[in-house]
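Heads up: the sequence shown begins at 381 in this note's numbering, then just goes up one per residue. We put the CB at the ideal spot given by N, CA and C, even for glycine. Computed from a prediction, not measured in an experiment: that's the story for all the values here.
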Amino acid sequence: MEKPAIEGGNPVRKDFLVFGQPDVGEEEINEVVDSLRKRWLSTGPKVKLFAEQFNKFIGSGFSVPVNSCTAALHLSLIAAGIGPGDEVIVPSMTFAATANVVVHAGAAPILVDCQKDTMNIAPDAIEKALTKKTKAVIPVHFAGLPCDMDAIHALARKHALVVIEDAAHAVEAVYRGKKIGTLSKFTCFSFYATKNITTGEGGMVTTDDAALAEKIGILGLHGLSKGAWSRYSAHTEGFRHYEVLYPGYKYNMMDLQAAIGIHQLKKVNVFLAKREKIWKRYNDAFSPLPVFLPPEPGSGSRHSRHLYILVLDLGRIKVSRDRILDALVKEGIGTGVHYKALHLQPYYQKRFGLTPESFPNATFISERAFSLPLGPGMDESDIDDVITAVKKILAYYAR
Ligand SMILES: Cc1ncc(COP(=O)(O)O)c(C=O)c1O
381 MEKPAIEGGN PVRKDFLVFG QPDVGEEEIN EVVDSLRKRW LSTGPKVKLF AEQFNKFIGS
441 GFSVPVNSCT AALHLSLIAA GIGPGDEVIV PSMTFAATAN VVVHAGAAPI LVDCQKDTMN
501 IAPDAIEKAL TKKTKAVIPV HFAGLPCDMD AIHALARKHA LVVIEDAAHA VEAVYRGKKI
561 GTLSKFTCFS FYATKNITTG EGGMVTTDDA ALAEKIGILG LHGLSKGAWS RYSAHTEGFR
621 HYEVLYPGYK YNMMDLQAAI GIHQLKKVNV FLAKREKIWK RYNDAFSPLP VFLPPEPGSG
681 SRHSRHLYIL VLDLGRIKVS RDRILDALVK EGIGTGVHYK ALHLQPYYQK RFGLTPESFP
741 NATFISERAF SLPLGPGMDE SDIDDVITAV KKILAYYAR
């Protein structure tokens, strides 16, 4: 049996395969250079164009560009009027931002468990966590697999909850024939560097409500009545004053960011097809190993294939998940952990008196999951290397 590099063997790769590296082409580079040459760096015509393109792609009423998904989530909460005294239900199995923004809004994030198989928020856990103070729920389409939105909307209707979808992983996702981004009051997307399409940093809120879209746009730029582009660009009607309508935030997207996004969005379907191909190759290669393969969507739904997460069957291997991560790194393969759940993180654990037993499914995944590189920029030999390294390590450490 071949020895892993961490045990003194030879690594699969000499050059490190970076986890989550974006696929950026000459089109993106030239568009950024064009913005620099035109000397229009911050919010301007390219942000407007990107938002229009995105709106068309999603099929939403309105798309409001911001500088991150975190900002998108925060502004959605503020626009929904959520603040001190309110509770917002959030899955524990998510990135910190999903819950942090609830704290930023002055409300209390109420963490709940996920389903063991889908890793998505469990509707029965939402129902159990409801109190008179519950105002909203933030389902996260984990790894790109749509949540059980019918069950979540049924609860939302019954208990008058605002649904704010965290679709950071889910740009291409479809739930029962409907695009994610068209289902709830607010949906928040991320264009962070590792996401399926990127602007470096960036985000978007989609909504069908014109008044809320306008409010989010204003709140995202200091609460001013007019954006910089309309204030400073050449126009003939003379000088325009702004008015401060709210104590807003500095969350606007830059043209330099949108310049990248305009071209990323044109490639979104090509990128997804590549991700689907890698996903299938991984599933075929890993099904005999001591792991649980990622869940698949129900009929009529589409997974956006953002994260390929394997869950180790710890009873069938001799070492911990972290040893497997270290071993993969030594083979030259970048990995990630999505996620160590929030009830295991010091701030949330202490604030709410939570223990690993509070949310057994999220704890189970936190201790066993690891993510493999899944980027459209990967070539056949990169994919082969990941498969070779995972097989080699799990064969070595199998019980
Ligand atoms: C589930 C989830 N929500 C929110 C975010 C925050 O996104 P951003 O980095 O664009 O603020 C992320 C980012 O990784 C995420 O994975």
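Check	Outcome
Taking 7 Å as the cut-off, is the CB of residue 475 close to at least one heavy atom of ligand 3?	Of the ligands this structure carries, namely ligand 1, none is ligand 3.
Going by beta carbon distance, what residues of the same chain come within less than 7 Å of residue 701, once the five residues before and after it are set aside?	692, 747, 748, 750
Quick check: what's the CA-CA separation for residue 574 versus residue 715?	12 Å
Quick check on the DSSP output: what are the complete alpha helix (DSSP H) runs of length 4 or more inside the region 655-729, in order along the chain?	701-710
Where does residue 577 sit, in a helix, a strand or coil, going by DSSP?	coil
Regarding residue 761 and ligand 1, is the C-beta to nearest heavy atom distance less than 7 Å?	no
To which residues does DSSP link residue 555 through a beta bridge?	558
Is residue 546 near ligand 1, judged by its Cβ being under 7 Å from some heavy atom?	yes
State the start and end residues of the unbroken beta strand (DSSP E) segment that holds residue 443.	442-446
Name the two residues that bound the continuous alpha helix (DSSP H) containing residue 508.	503-509
Kindly indicate which three-state DSSP category residue 518 falls into: helix, strand or coil?	coil
Let me make sure I understand the geometry here. Which of 645, 492, 510, 461 has the alpha-carbon closest to that of residue 486?	461
Using 8 Å as the threshold, is the C-beta distance between residue 744 and residue 723 below it?	no
Considering Cα atoms alone, identify which of 636, 764, 733, 649 is closest to residue 422.	636
Taking residue 773 as part of the alpha helix (DSSP H), name the residues at either end of that continuous run.	760-777
Name, in chain order, the residues that DSSP records as bridge partners for residue 586.	443, 567
Would residue 437 and residue 641 qualify as a contact pair, given that the criterion is a beta-carbon distance under 8 Å?	no
What residues in its chain sit with their C-beta under 8 Å from that of residue 704, if we drop five residues either side in the sequence?	692, 697, 750, 773, 774, 777
Should residue 570 be counted as a contact of ligand 1 given a C-beta to heavy atom distance under 7 Å?	yes
I need the straight-line Cα distance from residue 468 to residue 457, nearest angstrom please.	9 Å
Give the C-beta separation of residue 522 and residue 549 to the nearest angstrom, bearing in mind that I take them to be a contact with Cβ-Cβ under 8 Å.	7 Å
Out of 570, 520, 554, 508, point me to the one whose CA is closest to residue 546's CA.	520
Give me, in chain order, the residues of the same chain whose beta-carbon lies closer than 6 Å to that of residue 725; leave out the 5 immediate sequence neighbours on both sides.	none
Comparing alpha-carbon positions, which option in 694, 472, 552, 734 lies nearest residue 652?	552
Using CA atoms only, rank isn't needed, just tell me which of 443, 480, 442 is closest to residue 454.	480
Count the CB pairs spanning the region 433-449 and the region 577-585 that are closer than 8 Å, and state whether there are at least three.	yes
Since residue 590 and residue 412 are thought to touch, with beta carbons under 8 Å apart, how far apart are those beta carbons, to the nearest angstrom?	Between residue 412 and residue 590 the Cβ distance is about 32 Å, and since that is not below 8 Å, they are no contact.
Would you check if the region 658-674 and the region 506-520 touch, i.e. whether three or more CB-CB distances between them fall below 8 Å?	no
Looking only at its chain, what residues have a beta carbon closer than 7 Å to the beta carbon of residue 779, apart from the 5 residues adjacent to it on each side?	696, 697, 698
Residue 472: beta carbon under 7 Å from a heavy atom of ligand 1?	no
Within a Cβ cutoff of 6 Å, which residues of the same chain sit near residue 515, ignoring the five residues on either side of it in sequence?	462, 466
Flag this pair as yes or no: are the beta carbons of residue 605 and residue 581 separated by less than 8 Å?	no
Grab me the residues of residue 563's own chain with a C-beta within less than 6 Å of its C-beta, minus the 5 sequence neighbours each way, in chain order.	529
Return yes when at least one heavy atom of ligand 1 lies under 7 Å from the C-beta of residue 449, else no.	yes
Could you check whether residue 595 and residue 451 sit closer than 8 Å to each other, using their CB atoms as the reference points?	no
In whole angstroms, give me the CA-to-CA distance for residue 517 and residue 767.	38 Å
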